[in-house]
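*Asks:*
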Amino acid sequence: MNDKIIRLLRILTLIQAKPGILARELAEKCETSERTIYRDLETLSLIAPITNLGHGKGYQFIGNFSLYPLNWDEQEALSFSMLPSILESVRSMLPQGFDTAYEKVMATYKKEKKQNDDLLQKVTDIIQMGTPAYREDKTNFMLPIIQAILAKKTIKTVYHTQSRDKTSKREIDPYYLVPREQRFYLIGYCHSKKDVRTFRISRFLDVQITDKPFDMKDFNIQNYLKNTWSIERGGKKITFKVKFSPNVARYVKEEELFVTPKLTDLNDGHLLFEVTVNHDREFLNWLYQYGPEAEILEPKEYRGKMREMLRKWTQLYER
261 MNDKIIRLLR
271 ILTLIQAKPG
281 ILARELAEKC
291 ETSERTIYRD
301 LETLSLIAPI
311 TNLGHGKGYQ
321 FIGNFSLYPL
331 NWDEQEALSF
341 SMLPSILESV
351 RSMLPQGFDT
361 AYEKVMATYK
371 KEKKQNDDLL
381 QKVTDIIQMG
391 TPAYREDKTN
401 FMLPIIQAIL
411 AKKTIKTVYH
421 TQSRDKTSKR
431 EIDPYYLVPR
441 EQRFYLIGYC
451 HSKKDVRTFR
461 ISRFLDVQIT
471 DKPFDMKDFN
481 IQNYLKNTWS
491 IERGGKKITF
501 KVKFSPNVAR
511 YVKEEELFVT
521 PKLTDLNDGH
531 LLFEVTVNHD
541 REFLNWLYQY
551 GPEAEILEPK
561 EYRGKMREML
571 RKWTQLYER
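According to this note's numbering, the sequence shown is numbered sequentially starting from 261.
1) Using CA coordinates, which residue listed in Gln320, Ile432 and Arg443 is at the minimum distance from Glu492?
2) Would you mind stating whether Ile481 and Val537 have Cβ atoms separated by less than 8 Å?
3) Pick out the complete beta strand (DSSP E) segments inside the segment 425-458, 3 residues or longer, and give them in chain order.
4) How would you label Ile307, buried or exposed, when you count the other beta carbons within 10 angstroms and need 16 or more for buried?
5) Given a cut-off of 8 Å on the beta-carbon distance, is the pair Arg270 and Thr292 in contact?
6) Terminal residues of the continuous beta strand (DSSP E) containing Phe543?
7) Spatial neighbours of Phe244 within its chain, please: C-beta separation below 8 Å, excluding the five flanking residues on both sides.
8) Tell me which residues share the same chain as Lys522 and place their Cβ nearer than 6 Å to its Cβ, disregarding the 5 neighbours each side in the sequence.
9) Could you tell me whether the segment 456-465 touches the segment 506-514, where touching means 3 or more Cβ pairs closer than 8 Å?
10) Taking Cβ to Cβ, would you say Asp379 is nearer than 8 Å to Ile409?
11) Roughly how many angstroms lie between the CA atoms of Thr364 and Ile265, to the nearest whole one?
12) Are any of the Cβ atoms in chain D nearer than 8 Å to that of Ile310?
13) Using the DSSP secondary-structure output, state which residues sit across from Arg295 in a beta bridge.
14) Which residues in the same chain as Ala554 place their Cβ atom closer than 7 Å to its Cβ, once the five residues preceding and following it in sequence are excluded?
15) Taking the Cβ atom as the reference point for each residue, do Leu403 and Gln381 lie within a distance shorter than 8 Å?
16) Answer with buried or exposed for Thr470, where buried requires no fewer than 16 other C-beta atoms within 10 angstroms of its C-beta.
17) Assign Glu288 to buried or exposed, taking buried as 16 or more other Cβ atoms, counted over all protein chains shown, within 10 Å of its Cβ.
18) How long is the line joining the alpha carbons of Arg563 and Thr520, rounded to whole angstroms?
Okay, structure coming up:
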């Protein structure tokens, strides 16, 4: 099915590029049979105004219909921009109007690219980000990061690792931008660590887009974040069972979570909440907001940890 969709789109592009193109030419370009092309054209006629000009005259669009925008990727744009230098040796053989046609195509691409960049800038400006209390610099690197993700280009960065209080230079292949708890995180391949890592956007001190393309290969964001309560990943599997009081049960059900818990309504109005996570800290921080309205039933060790934490809090406020 995917191959067919790609072929249909290619047929539309070829008809726009060469009105009057023959079925035989379409078959050669798409590496398929003429019979398949005829079936594809019949399908396309339901969604695009394609007409047959007659025997031996091929196909074209009716009226002013066209595929817009060009939607080139960076590599295609670069290749096309090199066309004049490649054809320099045969310039005298080029038909009249080649230069102006080329200029119009490049002008269309540049206008389209500027419109996309302007839109991206507006979207970035709308996203308001906080700044860590220890920093006065409020530079927002969201724009170059999003641009690099879309262009699939490696970024050179300066990053502050808070846990070690160290700053390092890194090259990162940016895969996904993930919002979590009023913050944004970048998930990408770190060249220095040779592994996929998670980076907090506000900890970047510099971001530069390089010309190096990257390939995510078989990376899957759902698998990467499986059983992750928010953004902090661990190597364990911890199954929590929590009983919420009737006072908050309906609010817990409305929580928008990144994992899928099992919810069971108990006869006395309580809610049994069961979830498996790979790290405990973020889950417990979420649970603390419910105070005595939430009781940890399992694992038993976390009941002990909760008692110890409450003991320390009590001692702190009894001074």
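Glycine included, C-beta positions come from ideal geometry on N, C-alpha and C.
Remember, predicted model here, so these are calculated numbers, not experimental data.
*Replies:* Once the coordinates are examined:
1) Walking along the sequence shown from the start, residue 492 turns up at place 232. For the residues Gln320, Ile432 and Arg443, the minimum Cα distance to Glu492 belongs to Arg443.
2) Against the sequence shown, residue 481 aligns to sequence position 221. Against the sequence shown, residue 537 aligns to sequence position 277. The answer is no: Cβ separation not under 8 Å.
3) 426-440 and 443-450
4) Position 47 of the sequence shown, counted from the start, is the residue given in the question as residue 307. Exposed, by the Cβ-count rule.
5) If you number the sequence shown from 1, residue 270 lands on position 10. If you number the sequence shown from 1, residue 292 lands on position 32. No, Cβ-Cβ distance for Arg270 and Thr292 is not below 8 Å.
6) For the purposes of this step, residue 543 is taken as residue 283 along the sequence shown, with counting starting at 1. Unbroken run through Phe543 is the alpha helix (DSSP H), Arg541 to Tyr548; no beta strand (DSSP E).
7) Because the chain here runs from 261 to 579, residue 244 falls outside it and cannot be looked at.
8) By 1-based counting over the sequence shown, the position of residue 522 is 262. So the list reads Glu534, once near-sequence residues are dropped.
9) no
10) The count along the sequence shown starts at 1 and reaches residue 379 at position 119. The count along the sequence shown starts at 1 and reaches residue 409 at position 149. The amino acid at residue 379 is misidentified as Asp; the sequence shows Leu. Result no, Cβ atoms of Leu379 and Ile409 do not sit closer than 8 Å.
11) Mapped onto the sequence shown, residue 364 falls at position 104. Mapped onto the sequence shown, residue 265 falls at position 5. Note on residue identity: the sequence assigns Lys, not Thr, to residue 364. Distance between the alpha carbons of Lys364 and Ile265: 29 Å.
12) Protein chains in the displayed structure number just one, and chain D is not present.
13) Locating residue 295 in the sequence shown gives position 35, where the first residue counts as 1. Beta-bridge pairing links Arg295 to no other residue.
14) Taking the sequence shown and counting its residues from 1, the one referred to as residue 554 is at position 294. Closer than 7 Å at Cβ, skipping near neighbours: Val502, Phe504 and Leu547.
15) Taking the sequence shown and counting its residues from 1, one reaches residue 403 at position 143. Taking the sequence shown and counting its residues from 1, one reaches residue 381 at position 121. A contact, by the Cβ cut-off of 8 Å.
16) Translated into positions along the sequence shown, residue 470 becomes position 210. Exposed.
17) Here residue 288 refers to the residue found at position 28 when the sequence shown is read from its first residue. Under this definition Glu288 is an exposed residue.
18) Against the sequence shown, residue 563 aligns to sequence position 303. Against the sequence shown, residue 520 aligns to sequence position 260. Distance between the alpha carbons of Arg563 and Thr520 is about 23 Å.
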